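Going by this note's numbering, the sequence shown runs without a break in its numbering and finishes at 509.
Ideal Cβ placement from N, Cα and C applies to all residues, glycine included.
As the structure is a computational prediction, the values presented were derived from the model and not from experiment.
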Amino acid sequence: METIKGRKDGYHHGDLRNALVGAAIELATAGGPEAVVLREAARRVGVSPTAAYRHFAGQGDLLFAVKSHGQDALAVAMRAEIAASGAAAGSTRAEADPGAAAVERTKAVGRGYLRFAFAEPGMFRTAFCRIAMPMDAETGQPTRDDNDNFSSFDMLSTVLDDLVATGRMSPTRRPGAEVAAWSGVHGLAILVIDGPLAMLRGEALAASVENVLETLVQGLCAED
Numbered sequence: 286m287e288t289i290k291g292r293k294d295g296y297h298h299g300d301l302r303n304a305l306v307g308a309a310i311e312l313a314t315a316g317g318p319e320a321v322v323l324r325e326a327a328r329r330v331g332v333s334p335t336a337a338y339r340h341f342a343g344q345g346d347l348l349f350a351v352k353s354h355g356q357d358a359l360a361v362a363m364r365a366e367i368a369a370s371g372a373a374a375g376s377t378r379a380e381a382d383p384g385a386a387a388v389e390r391t392k393a394v395g396r397g398y399l400r401f402a403f404a405e406p407g408m409f410r411t412a413f414c415r416i417a418m419p420m421d422a423e424t425g426q427p428t429r430d431d432n433d434n435f436s437s438f439d440m441l442s443t444v445l446d447d448l449v450a451t452g453r454m455s456p457t458r459r460p461g462a463e464v465a466a467w468s469g470v471h472g473l474a475i476l477v478i479d480g481p482l483a484m485l486r487g488e489a490l491a492a493s494v495e496n497v498l499e500t501l502v503q504g505l506c507a508e509d
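Right, here's the structure in full:
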């Protein structure tokens, strides 16, 4: 293993790949996707760039790993919000009033999405950044499957299906509903973390979140 000369804390054992990803996650958390630099991650771990390139073909590969971590963290935040709502599938509340619980789960998914964005703006930006795909020189095809595993999107699809199953949303409104709901929530996230709504704080921000979620749900559940 090549460590940086003169460094007493150089990386000597263990899983170097995960150590580099961990360092890159710290970079993304602090500065977003632009801060994820393979050489800087190697420096933080205490190894040479050459050692780092044995585990990542290039900048894009490391950024992809951090992006996947961001997507996973976002999904965890959304699941936690569903649990906190008390309306998770199979809960007493869901058994008593399936339709009302489905509505609350829909709001909880959006609420968890936004809370993650506001608490972790650097990682949120990284979770949705675009990455140049490494290409095979001979075939001209991507060298890996760019499967982002958008579990957050899968969760949104599930709660929308529940709205239909419980009679709260008309089946005719279901096609394309993910895009409408996702656009509304993601748009608010960007306006707050990178746009003119950055001044919103505390109760004003919470009220804006609930207004957006209520408006989206009312639109989804409106009668034909």
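- Sorting Leu312, Ala369, Arg453, Leu323 by C-alpha distance to the C-alpha of alanine 507 places Arg453 at the top.
- For glutamate 380, the uninterrupted alpha helix (DSSP H) run begins and ends at 377-381, by DSSP.
- Glycine 480 has its alpha-carbon roughly 25 Å from the corresponding atom of alanine 462.
- With respect to the C-alpha of serine 468, the residue from Leu485, Val497, Ala491, Ser493 having the closest C-alpha is Val497.
- In the same chain as glutamine 344, and ignoring 5 residues on each side of it, the C-beta atoms closer than 6 Å to its own belong to Leu323, in chain order.
- Looking only at Arg400, Pro456, His340, Asp300, the smallest Cα-Cα distance to valine 361 is reached by Arg400.
- For glutamate 380, the number of other beta carbons within 10 angstroms of its own is below 16, and it is reported as exposed.
- Distance from the Cα of phenylalanine 349 is smallest, within the candidate group Ala358, Val388, Pro318, for Pro318.
- In the three-state scheme derived from DSSP, where H, G and I count as helix and E and B as strand, valine 449 is classed as helix.
- Between glutamate 405 and threonine 335, the gap from beta carbon to beta carbon reaches 8 Å or more.
- In the three-state reduction of the DSSP assignment, valine 332 falls in the strand class, which pools E and B.
- In the three-state DSSP reduction, phenylalanine 403 falls in the helix class (H, G or I).
- By the criterion of a C-beta distance shorter than 6 Å, arginine 390 is surrounded in its chain by Ile367, Ala372, Val444, once the five residues flanking it on both sides are discounted.
- Here the alpha carbon of leucine 485 sits roughly 20 Å from the alpha carbon of leucine 501.
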